[in-house]
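One structure below.
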Amino acid sequence: ADQILASISKGKIKEDKKVWEVANWIADKGTPTHLQKLLGLAQKTSSVSHQHAYLNAMLTAKKIRKINPSGSLDSVLKFLQSENDTVWSTAVELAGLWRLESARLDLEATLKQSESKQVRKNAAINSLIAMGGEKTRKFFDEQIQNPQLSYPFKVTLIK
């Protein structure tokens with residue numbers, strides 16, 4: 010796994026299909042150290058497809074194998090600036106599953122902005138639910154009780 014990740018890092022493997030295959034393999038078989046390398050690769054690449062592949066692999070590893078990258082997880086927050094909805098949503102889901110409180114304000118702001126896309130609102134809701142805790146419950150209660158928010162939006166919070 011180390012040699013394959015090194016090959017990607019050096020640019021020897023750059024075809025999308027191969028990058029996805031490697032990322033998925035790391036998700037299934039890799040160690041927390043390998044996942045940390047994927048997080049580093051996601052930071053370095055400008056390819057949206059590659060970013061999505063690496064983030065998705067970490068998401069799969071967390072959901073199926075219950076493992077995280079070995080180092081700091083905060084670098085995933087960089088992707089909350091992504092213009093790409095898929096990359097953004099995957100990073101947001103990771104932030105929730107990893108319980109990164111530092112993402113909370115961005116997620117709440119996404120929900121409060123009426124111009125936010127529904128796909129982003131859904132990801133933010135799921136992320137906050139995954140974070141759980143008193144802060145999440147309090148935020149949802151405030152939103153549900155806000156008379157200025159639409160009924161359909163409140164329904165999505167209750168689901």
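Take any residue in the sequence shown, count from 1 to its spot, add 9: that is its number in my numbering.
Cβ coordinates follow ideal geometry from the N, Cα and C atoms, glycine included.
Bear in mind the structure is a predicted one, so any value in this text is a computation, not a measurement.
(1) Decide if threonine 42 is buried, meaning its Cβ has at least 16 other Cβ atoms within 10 Å, or exposed.
(2) Using a Cβ-Cβ cut-off of 6 Å (strictly less than) and excluding sequence neighbours within five positions of lysine 144, which residues of its own chain qualify?
(3) Does serine 159 pass the burial test, meaning 16 or more other C-beta atoms within 10 Å, or should it be called exposed?
(4) Less than 9 Å separating the beta-carbons of leucine 106 and leucine 44?
(5) Using 8 Å as the cut-off, can you tell me whether the stretch 71 to 88 makes contact with the stretch 96 to 114, which would need three or more C-beta pairs spanning the two stretches below that distance?
(6) Starting from the C-beta of arginine 108, find all residues in its chain whose C-beta is less than 7 Å away, skip the five residues before and the five after it, and write them out in chain order.
(7) Considering only C-alpha positions, which residue in the set Ala133, Val128, Gln127, Lys126 is nearest to alanine 117?
(8) Please say whether aspartate 25 and serine 58 have beta carbons closer to each other than 9 Å?
(9) I need the boundaries of the alpha helix (DSSP H) containing threonine 119, first residue and last residue.
(10) Report all residues from its chain with a CB closer than 8 Å to the CB of isoleucine 138; omit the five preceding and five following residues, and keep chain order.
On the basis of the supplied data:
(1) By 1-based counting over the sequence shown, the position of residue 42 is 33. When all chains shown are included, threonine 42 counts as exposed.
(2) As a working mapping, residue 144 is identified with position 135 in the sequence shown. The beta carbon of lysine 144 sits closer than 6 Å to none of the beta carbons in its chain outside the five residues before and after it.
(3) For the purposes of this step, residue 159 is taken as the residue at position 150 of the sequence shown. Serine 159 should be labelled exposed.
(4) Counting from one through the sequence shown, the residue named residue 106 turns up at place 97. Counting from one through the sequence shown, the residue named residue 44 turns up at place 35. No, they are not a contact pair.
(5) Taking 8 Å as the limit for Cβ pairs, the verdict is that the stretch 96 to 114 does touch the stretch 71 to 88.
(6) Sequence index remark: in the sequence shown, residue 108 carries index 99 (1-based). Excluding sequence neighbours, arginine 108 sits near Met140.
(7) Here the question's residue 117 lines up with position 108 in the sequence shown. The sequence given here has glutamate at residue 117, not alanine. Looking at Ala133, Val128, Gln127, Lys126, the one whose alpha-carbon comes closest to that of glutamate 117 is Ala133.
(8) Counting from 1 along the sequence shown, the entry for residue 58 is found at position 49. Counting from 1 along the sequence shown, the entry for residue 25 is found at position 16. In contact: serine 58 and aspartate 25 (Cβ atoms closer than 9 Å).
(9) Reading the sequence shown from its first residue, position 110 is the one you call residue 119. Membership of threonine 119 in the alpha helix (DSSP H) is indicated by the continuous run 113 to 121.
(10) Within the sequence shown, residue 138 is the residue found at index 129, counting from 1. Gly105, Thr145.
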